[in-house]
Every structure is written in structure tokens, then in C-alpha cells.
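First comes the structure, then the notes that go with it.
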Amino acid sequence: MSFLHTRRDFIKKGSVTTLGLAAGARILHSCSLAGSSHKPVVSIVKIRDGNVDRAVEEAIDLLGGMEEVARNKYRIMLKPNLVAETSHDTTKPGVIGALARLMKRHGREVWIGEGSCAAGGFNVRDYTVYRTRKEELLNGMQQHIFNRLGYTDLANELHIPLINLHSGKMTDAEVPGGLLFDRITLHSSLHEIDMLCSVPMMKTHVLATVTLGMKNLIGLYPGTVYYSARSWLHDHAWAHGSRGVAFEVLDMVRANRLGLTVIDGSIAMEGNGPSSGSLVKMDLIIAGTNPLATDMVGAGVMGFEPMEVPAFRLAVETGMTPAGLQEVEVRGEALSSVRRQFIRPEVIPWSSIGNSWANEEI
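If you count by this note's numbering, then the sequence shown holds residues 65 to 426, one letter each, in order.
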């Protein structure tokens, strides 16, 4: 397919045209490659009396405050995890709203962007999930999900734009050290921002073991290019050696300006996430500027060791830091005081479900 930019294609062509982001600065900032002399800081804050705004602000303050976190970064996109149209398995708008208000108070321009997976009446019909690249279908699906989950009302209230990352103007981004792609096609808004902020719901995942800040970036693959649902993407990655969706996750981390992760741990999911697990009230906000460190702490709170998660293990093997929780400074609540042993997902290799899930196109 002509829209692929694989490593094999790159080798054949011998060169690549890079548009938009400055690759060297991006990978050093986003991925924290080995060589940094300081421990990354991750904050853990309890939500008390239902005050999400206060917990979010405290979590950012423990990182040095918004002015430090967003130094020289004036346009920020918040990326929630809105996998589908149901509120039980998606980032709560209260957390996104708290971040948006805090950022706006500090003079930042804030956008909310998402490219959801599936919704009934669009690419889910008669309990069957289909893959599609049809712009009209994806546009309707994304607006429906924004409406159903309260994000349209939130954006109107705060006067900030909602961006459908599935369609519109696209630009290629280079993937430094790419595992699956040398370039990824992205919505042009991701080239216009100064910082991406991933805001996932804390969940387990039958393919990835956990889904937190880095895994949340799967929603940046535009459906008009890579399909949604993203079964084609996982088919392609599995065929090239990706396990636990690690290649497709880490490539997207490296292609973007991911400068802040804020994990919505108000209500979490254990068991067979990302959608069929059981809900757990955790009342936590976890934040950090190093994506791997923040996800490791989030997984640790869920009772997982970092190397249990394929994307974390591969990240360390390919030079990202930290190598483990011993290299992270945790502020706020002690990890041991909030840790809960989540029910493990029944981890399934993609090869076992790839031929039966979203393999038909509409």
C-alpha cells in the first residue's frame, strides 16, 4: 500500500523527506535516552473529597509547576483515551478539564485531540467490528464519541478546539530509531503544537498488559491512513516481529513531542481490559514528564513489574530510560502506600485474534 513508510521501504529508497518536527530534539525530549544524569520525577496524588482539579494541580506542582513543565511550550494538545463511546473505559472529562483550566490560567493555548477506535452504528454493526478508512464514517464516529462522553460540552465551556485526528490535513513525521516505520503520517495539528500531553485512563490490556500514557498514543494513527479499528496496524506490526503492540506504540512515542503524561487513576480497570475488565476506585492522579518513567510508576501502582510489560521491556532494550523503578524519583504518595494488586489480564498474542477481529473492511 502506498501509504506505508516501513524500514524496508526506507532502505530501498535510500533517503526520506522529513517534514515538521526536529527529530533529534524530539527524541531526546520525548524518550529520555540513556545518558541523562538526573532521575526523572513522577508524582502520585490522592483525589480527596472528589476534588479532581486540586489533585491535578498538586500533581503538576510536585513536578515543579506548570511554568516549569510547559517552559517554552505555548500550544499544548491533550490526548485522552476515548477508545469507544462508553464512559466506563475512557478518560474522564473532569481530568481533561482540570488540566485545560490549569494550562489556560498559565497562558497556554490548549487543544483536545483524539482518533477513537470504534462506535456502534459506525464501524460496529451487529456486534461486529470493522476496519475502515472512510473519512465520512470516521468523522461521524469521532463526533458521536465526543458528544456521548461530554467532550463537546467541555470544549464549548472552555472555548478550546476538539480535533478529530482521523482526518484532515496530514503530514509525515520521521521516526528516529523506528522499529516498524521510518515515517508516520500524522494529523498536521501534531506538528503545530509545542507539547503533547497524554491523559490515559489507568487500565489493563489483553494485548499490551497495561494501557497507560505511551499505549494511549495508538489513537494518533489516523484512521483515514492506517484504518480504524487498527487491526490492520497490528497485523502489519505482528508480521514484522512486534509483540504486545510494542513496535507500534514506541514508534508513535518517538514521532511526537510527548512532554507530559497525566494518568487518570480516579476509576481504573483490572482484568481483561481495555474494555471488558472490572472497575476499581483508585482516586489517584499520576503525572510525569518522562513517558516511560510515568508509565512504569502507573504500572507499579497496579502491581506490575516494569519488565512484565512488552513495550517497557523493548523501550529499555532500545535505549530509553529509566531502566526500572529504582531510577525514578516518586513524589507525593509513596508507591507502596497506594499499590493494589490488579487482576491480571488474560494476555493474548495478536496472532490468536488477528484473523477474527476487525479483519473485514467497510
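The beta carbon of each residue, even a glycine, is placed where N, CA and C say it ideally should be.
Open item on the list: Taking its Cβ as the centre, do 16 or more other Cβ atoms sit within 10 Å of Met130, making it buried, or is it exposed?
Closed with: buried
Open item on the list: In whole angstroms, give me the CA-to-CA distance for Leu314 and Gly204.
Closed with: 29 Å
Open item on the list: When you compare the CB positions of Glu391 and Lys137, do they come within less than 8 Å of one another, or not?
Closed with: no
TODO: Could you check which residue in Leu271, Gly362, Asn423 has the C-alpha nearest to that of Leu399?
DONE: Gly362
- [ ] Decide if the stretch 137-148 is in contact with the stretch 164-178; the criterion is three or more beta carbon pairs, one per stretch, under 8 Å apart.
- [x] yes
- [ ] Specify, as a first and last residue, the run of the alpha helix (DSSP H) that Ser401 falls within.
- [x] 399-402
Open item on the list: I'd like the list of long-range same chain contacts for Thr249, defined as Cβ closer than 7 Å, with 5 residues on each side in sequence excluded.
Closed with: Phe67, Met234, Asp236, Pro286, Val289
TODO: Report buried or exposed for Tyr194, applying the criterion of at least 16 other Cβ atoms within 10 angstroms of its Cβ.
DONE: buried
Open item on the list: By DSSP's criteria, Ala123 is part of a beta bridge. Which residues make up the other side?
Closed with: According to DSSP, which records beta bridges pairwise, Ala123 is partnered with nothing at all.
- [ ] With a 10 Å radius around its C-beta and 16 neighbouring C-beta atoms as the bar for buried, classify Pro409 as buried or exposed.
- [x] buried
Open item on the list: Considering only their Cβ atoms, is the gap separating Thr196 from Glu417 smaller than 8 Å?
Closed with: For clarity, residue 417 is Ile in the given sequence; the question names Glu instead. No.
Task: Rounded separation between His300 and Asp113 - CA only - done: 46 Å
- [ ] Note down the Cα distance separating His208 from His223, rounded to an integer number of angstroms.
- [x] 19 Å
Task: Met278 - DSSP class collapsed to helix/strand/coil - done: coil
Task: Burial state of Ser96 (16 or more Cβ within 10 Å) - done: For Ser96, the predicted model reports a pLDDT of 48, less than 50, meaning its position is unreliable and no value from the coordinates is stated.
- [ ] Measure the C-alpha to C-alpha separation of Ser94 and Ile349 and round it to an integer number of angstroms.
- [x] Confidence in Ser94 is poor, its pLDDT being 41 and thus under 50, which makes the residue's placement too unreliable to answer from.
Task: Inter-residue spacing [alpha-carbon to alpha-carbon] between Glu200 and Glu178 - done: 16 Å
- [ ] Determine the contact status of Asn145 and Asn280, defining contact as a CB-CB distance below 8 Å.
- [x] yes
- [ ] Taking 8 Å as the cut-off, decide whether the C-beta atoms of Thr275 and Pro374 are in contact.
- [x] no
Open item on the list: Assuming contact is defined by CB atoms lying nearer than 8 Å, are Trp421 and Ser295 in contact in what I supplied?
Closed with: yes
Task: Distance between Asn419 and Met167 (C-alpha atoms, nearest Å) - done: 43 Å
- [ ] Would you list the one or two residues that DSSP bridges to Thr273?
- [x] His269
Open item on the list: As a quick exercise: from Val365, Gly158, Arg377, Ser151, pick the residue whose alpha carbon is nearest that of Glu121.
Closed with: Gly158
Task: Three-state class that DSSP yields for Met205 in the structure shown - done: helix
- [ ] Pick helix, strand or coil for Met167, following the three-state DSSP scheme.
- [x] helix
Task: Rounded straight-line distance, which links the Cα of Val105 to that of Thr385 - done: 12 Å
Open item on the list: Within a Cβ cutoff of 7 Å, which residues of the same chain sit near Ala293, ignoring the five residues on either side of it in sequence?
Closed with: Cys181, Ala182, Asn187, Val193, Arg195, Ala422
TODO: Provide the residue span of the beta strand (DSSP E) that contains Leu142, from first to last.
DONE: 139-144
Open item on the list: Less than 8 Å between the beta carbons of Ser430 and Gly396, yes or no?
Closed with: Since the displayed the chain opens at 65 and closes at 426, residue 430 lies outside it and no answer follows.
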